[in-house]
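**Student:** Following our numbering, the numbering of the sequence shown begins with 2 at its first residue and continues without gaps.
Ideal placement from N, C-alpha and C gives every residue a C-beta, glycine not left out.
Just so we're clear, the structure is a prediction, and the values are computed from it rather than from any experiment.
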Amino acid sequence: MARWGVLIVLAYGLLAVVTPLLIQLGVLPDPNTGLENPIYAAPSLGHWCGTDRLGRDVCVRTLAGSGVALQVVLLAVTTALLIGVPLGMLSGYLGGWLDRILVLLMDTLYTLPVLLLSVVLAFLLGRGLPNAAAALCVVYIPQYFRVVRNQTAQVKAELYVEAAQSLGAGPVWILRRYLLRNVITSVPVLLTLNAADAVLVLGGLGFLGLGLPEAIPEWGADLQQALTALPTGIWWTALYPGLAMFVLVLGLSFLGEGLEAW
């Protein structure tokens with residue numbers, strides 16, 4: 002499964018890089034330009050995935066949406082990792098009042114439903130790529146914090162850590178030299194699983210109109226617009242964005258399961 006996950010994620014990464022270049026070179030049409038095309042045209046040789054209610058090419062919008070989704074998700078989970086891991090290490094190693102305050106704050110955030118918290122934050126921050134990433138980032142910080150804190154609390158009781166403390170090593174040296182490499186092992190698995198979840202949450206935000214601006218192709222927003230035409234037999238405007246989201250989540254899940262088994 003890990004091999005399939007790697008192949009799927011690499012394919013999406015390649016599409017994210019190549020699609021904007023092909024659009025700039027004129028090989029692919031602009032995903033926001035479609036007035037000269039027939040609306041709700043069925044899939045054909047001219048438009049492989051058909052067109053939507055504005056005559057925009059569904060295939061190009063789906064391909065462009067992959068790059069947007071990867072940008073937001075990678076920015077969100079990477080920022081959450083860079084914040085959650087150091088806080089978890091400090092909390093687990095130092096303990097005391099700092100640990101109690103951070104645990105209370107993170108547990109409060111962790112108990113809130115992911116989608117609900119993301120919706121509230123996205124509503125407060127407004128639409129935009131960095132705003133959507135920030136709304137997702139806050140949701141995943143407690144997960145990294147809890148995992149890293151618990152492992153740090155266990156590892157700091159090991160004999161080699163106590164020996165380093167007795168020799169006069171400072172907290173920064175111990176955290177960087179002895180604790181980081183031991184507590185970071187489970188983070189890649191959590192990173193891939195959070196990325197898969199973030200794709201779905203981002204799609205939910207776009208579906209509710211709280212994701213990215215209208216000028217940016219987004220799978221969730223395209224699915225929301227496709228709902229009005231779905232009862233009339235216009236299936237292609239919903240199929241391809243939904244399928245692209247499903248395959249990316251599947252690939253990230255396969256990658257996470259493979260890393261966990263490895």
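Helix, strand or coil for Asp223? Go by DSSP, reduced to three states.
**Tutor:** Helix at Asp223.
**Student:** Okay, do the stretch 85 to 96 and the stretch 150 to 163 touch, 3+ Cβ pairs below 8 Å being the bar?
**Tutor:** These segments touch.
**Student:** Between Ala70 and Val200, which are expected to be in contact by the criterion C-beta below 8 Å, what is the C-beta distance as a whole number of angstroms?
**Tutor:** With 8 Å as the limit, Ala70 and Val200 qualify as a contact, their Cβ atoms being about 6 Å apart.
**Student:** So, under 8 Å CB-CB, Leu23 and Leu29 are touching, yes? Tell me the CB distance rounded to an integer number of Å.
**Tutor:** That pair is a contact at about 4 Å.
**Student:** In the structure shown, what three-state DSSP assignment does Thr186 receive?
**Tutor:** Note: Thr186 maps to coil in three-state DSSP.
**Student:** Grab the span of the alpha helix (DSSP H) containing Ser67 for me, first residue to last.
**Tutor:** Per DSSP, Ser67 belongs to the alpha helix (DSSP H) from Val59 to Leu95.
**Student:** I want to know whether the stretch 41 to 49 touches the stretch 202 to 211 - three or more CB-CB distances under 8 Å.
**Tutor:** Judged by Cβ distances under 8 Å, the stretch 41 to 49 makes no contact with the stretch 202 to 211, as fewer than three pairs qualify.
**Student:** Looking only at its chain, what residues have a beta carbon closer than 8 Å to the beta carbon of Ile217, apart from the 5 residues adjacent to it on each side?
**Tutor:** Result list for Ile217: Val69 and Leu130, in chain order.
**Student:** Per DSSP, what kind of secondary structure is Thr34 in: helix, strand or coil?
**Tutor:** Three-state DSSP puts Thr34 in coil, outside helix and strand.
**Student:** Any idea which residues DSSP pairs Thr52 with across the strands?
**Tutor:** DSSP output for Thr52 lists Asp58 as bridge partner(s).
**Student:** Flag this pair as yes or no: are the beta carbons of Leu76 and Ala165 separated by less than 7 Å?
**Tutor:** It is not a contact, given that the beta carbons lie outside the stated cut-off.
**Student:** Quick check on DSSP: helix, strand or coil for Thr229?
**Tutor:** Looking at Thr229 - three-state DSSP - the assignment turns out to be coil, as it is neither helix nor strand.
**Student:** Taking the beta carbon of Glu215 as the centre, do at least 16 other beta carbons fall within 10 Å, making it buried, or is it exposed?
**Tutor:** Flag for Glu215 reads exposed.
**Student:** Locate the alpha helix (DSSP H) running through Arg41, then write down its first and last residues.
**Tutor:** Contrary to the premise, residue 41 reads as Tyr rather than Arg in this sequence. Counting along the chain, Tyr41 falls outside any alpha helix (DSSP H), and DSSP gives it neither H nor E.
**Student:** So is Leu83 buried or exposed if we call it buried at 16+ other beta carbons inside 10 Å?
**Tutor:** Exposed, by the Cβ-count rule.
**Student:** For the stretch 223 to 236 against the stretch 162 to 176, are there 3 or more C-beta pairs whose distance is under 8 Å?
**Tutor:** The answer is no - the stretch 162 to 176 does not touch the stretch 223 to 236, with fewer than three Cβ pairs under 8 Å.
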